Amino acid sequence: MLEATAVQANGRITPEDSGIWLDAHIDTLRKHVELAHSQNALIGIQLAHAGRKASTIAPWLKSTAVATRKVQGWPDDVVGPTSQPFSEHTPKPRAMNLPEIAQLRQDFVLGTQRAIRAGFDVIELHFAHGYLVSTFLTPAVNKRTDQYGGSFENRCRLALEIIKDIRAVMPADMPLFVRISATDWLENNPEYQGESWIVEESKKLAILLAQYGVDVLDVSSGGNHVLQQPVGGPGYQAPFAKAIKKAVGDTMLVSCVGSIRTGDLAEQLIVGSNDSDDVPLDLIAAGRMFQKNPGLVWAWADDLDTPITMAHQISWGFRGRAQKTSQNVM
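With the sequence shown counted from 1, adding 578 to any position gets you our numbering.
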């Protein structure tokens, strides 16, 4: 998955982020697709807008710093549902007006069309982690008084409009993923007083997403508020994903991500337990573990004593050079 690819120039998290707001980006993105396809792999692209977390310095260069014009930032062109910044270390956004929201919807459509032209196999919409659409969903951030704020239905309006818009231009058989933050992690912090996005709202949203044509819900959490108090650990977001899976049943596939570090844990989450209240998940997503170990599929297969298919010129050395390997000949 090619992550967080901005549909508008001001929707990048940092000046170094990738984008898909111009036709000129298609050829470069197509190179990623061609590389993946040359290795018999499928590849998706995550369309995003950073919202009030935009125009920041890449965290590996300097943490919690605004990207100014001097370093190709756009601190005076950051947007959000309101003018409230994420923190004292991020730019102050302006509240989006209705024409800007309409343009955002159109740019998600154009980004989708460009991704299809580049040859991507999957589209994922990034509606999590305190980026733009995520901040419209949560009452902890969205204090608007128009049709995009207030009630649950109004706060979900933008997300559902974008999904409806892009589904109309996607091939019917092309999978659509959506990533959400299942909770703001604020309900367990006594310092925070007010409403927040919780799992019960995620369950209600998931049912709507399935009705709007979403195939896979990618469940993450947090990122909307500086007072969040996440409780980590191996598979720490699995309970949220399982609660949502119970709500949607077979209408949608549900994926879990976050600190899934072994093949054994991944299998447990997919197979489920003997507990009558447990529900197996459909998919597991891995991000940082692939960065740590590009051979992660092989490593997890070893954990589970499961054979995998690999290139003959690699596999023969692990079975013994004298063994016949005609079954691998194409």
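No residue lacks a Cβ here, since even glycine has one placed at the ideal position from N, Cα and C. Remember, predicted model here, so these are calculated numbers, not experimental data.
Cβ neighbours of residue i in the same chain (closer than 7 Å, five flanking residues each side left out)
i, result
"Ala-792", "Contrary to the premise, residue 792 reads as Val rather than Ala in this sequence. So the qualifying residues of the chain are Ile-741, Leu-754, Val-756, Met-830."
"Asn-906", "Note that Asn-906 scores a pLDDT of 45, beneath 50, so its modelled location is shaky; the value from the coordinates is reported in the next line. Closer than 7 Å at the Cβ level, and outside the excluded window around Asn-906, lie His-890, Ser-893."
"Thr-642", "His-667"
"Tyr-709", "Ala-626, His-627, Ala-628, Gly-629, Lys-631"
"Tyr-814", "Gly-836, Ser-837"
"Ser-858", "In the sequence on display, residue 858 carries Pro and not Ser. Result list for Pro-858: Ile-848, Val-849, Gly-850, in chain order."
"Glu-765", "Ser-774, Ile-776"
"Arg-634", "Per the sequence shown, residue 634 should be read as Thr rather than Arg. The answer, listed in chain order, is Ile-591, Thr-592, Ala-643, Val-644, Ala-645, Thr-668."
"Gly-865", "Val-835"
Where the beta strand (DSSP E) through residue i begins and ends
i, result
"Ala-700", "Per the sequence presented here, residue 700 reads as Val, with Ala not at that position. Per DSSP, Val-700 belongs to the beta strand (DSSP E) from 700-705."
"Gly-622", "622-626"
"Val-832", "831-835"
Neighbour flag for residue i against chain B, beta carbons, 9 Å
i, result
"Ser-780", "Going by chain labels, chain B is absent from the structure shown, which holds only one protein chain."
Residues near residue i by beta carbon distance below 8 Å, same chain, minus five either side
i, result
"Tyr-871", "Position check: residue 871 holds Asn in this sequence, whereas Tyr was assumed. Ala-877."
"Thr-903", "Model confidence at Thr-903 stands at a pLDDT of 48, short of 50, so the residue's coordinates are unreliable; what they give is reported in the following sentence. Excluding positions up to five away in sequence, the list reads His-890, Ser-893, Trp-894, Arg-897."
"Met-867", "Ile-838, Arg-839, Leu-874"
"Met-908", "Because Met-908 carries a pLDDT of 42, less than 50, the predicted location of this residue cannot be relied on, and the following value inherits that uncertainty. Taken in chain order, the list of residues that qualify is empty."
"Ile-862", "Ser-833, Cys-834, Val-835, Ile-838, Ala-844, Leu-847, Ile-848"
Cβ-Cβ separation, residue j to residue i (assumed contact under 8 Å), whole Å
i, j, result
"Val-747", "Ala-760", "Contact flag wrong, Cβ pair sits at about 28 Å."
"Thr-713", "Gly-629", "5 Å"
"Val-649", "Pro-717", "Contact flag wrong, Cβ pair sits at about 34 Å."
"Ile-762", "Gln-806", "Per the sequence shown, the amino acid found at residue 762 is Asp instead of Ile. Between Gln-806 and Asp-762 the Cβ distance is about 6 Å, and since that is below 8 Å, they are a contact."
"Arg-561", "His-603", "Since the first residue shown for the chain is 579 and the last is 908, residue 561 is missing from the structure and cannot be characterised."
"Gly-622", "Glu-702", "6 Å"
"Pro-786", "Leu-795", "It is worth fixing the name first, because residue 786 is Leu in this sequence and not Pro. Their Cβ separation, rounded to whole angstroms, is 11 Å, which puts Leu-786 and Leu-795 out of contact at 8 Å."
Extent of the continuous alpha helix (DSSP H) to which residue i belongs
i, result
"Ala-863", "Not the alpha helix (DSSP H): Ala-863 falls in the beta strand (DSSP E), residues 861-863."
"Thr-583", "Unbroken run through Thr-583 is the beta strand (DSSP E), 580-584; no alpha helix (DSSP H)."
"Ser-641", "Element bounds for Ser-641: n/a, residue is neither H nor E."
"Gly-597", "Looking at the DSSP string, Gly-597 is not in any alpha helix (DSSP H), and its letter there is neither H nor E."
"Glu-666", "Where Glu-666 is concerned, there is no enclosing alpha helix (DSSP H), given that its DSSP letter is neither H nor E."
"Ser-851", "Segment: none, Ser-851 is in no alpha helix (DSSP H) and carries neither H nor E."
"Val-611", "604-616"
"Ser-633", "Counting along the chain, Ser-633 falls outside any alpha helix (DSSP H), and DSSP gives it neither H nor E."
"Ser-799", "From DSSP, Ser-799 is part of no alpha helix (DSSP H); its letter is neither H nor E."
"Arg-683", "676-696"
"Lys-823", "816-826"
"Met-888", "Premise fails: Met-888 is in no alpha helix (DSSP H) and is neither H nor E."
"Val-875", "874-881"
"Arg-590", "Segment: none, Arg-590 is in no alpha helix (DSSP H) and carries neither H nor E."
"Arg-866", "866-870"
"Val-711", "710-715"
Sequence-distant residues of the same chain with beta carbon closer than 6 Å to residue i, five excluded per side
i, result
"Asp-842", "Asp-881"
"Glu-779", "none"
"Glu-581", "Gln-624"
"Met-888", "none"
"Asn-767", "Leu-805, Gln-807"
"Ser-596", "Thr-583"
Residue i Cβ short of 8 Å to the ligand ATP heavy atom set
i, result
"Lys-670", "Judged by which ligands are present, the structure shown has none, so any question about the ligand ATP falls away."
*Could you say if the region 606-626 and the region 653-663 meet the contact criterion of at least three C-beta pairs nearer than 8 Å?*
no
*Hey, which unbroken runs of the alpha helix (DSSP H) at 4 residues or more fall wholly within the region 724-794?*
730-745, 777-789
*Is the region 685-703 touching the region 662-673 in the sense that three or more CB pairs, one from each, lie closer than 8 Å?*
no
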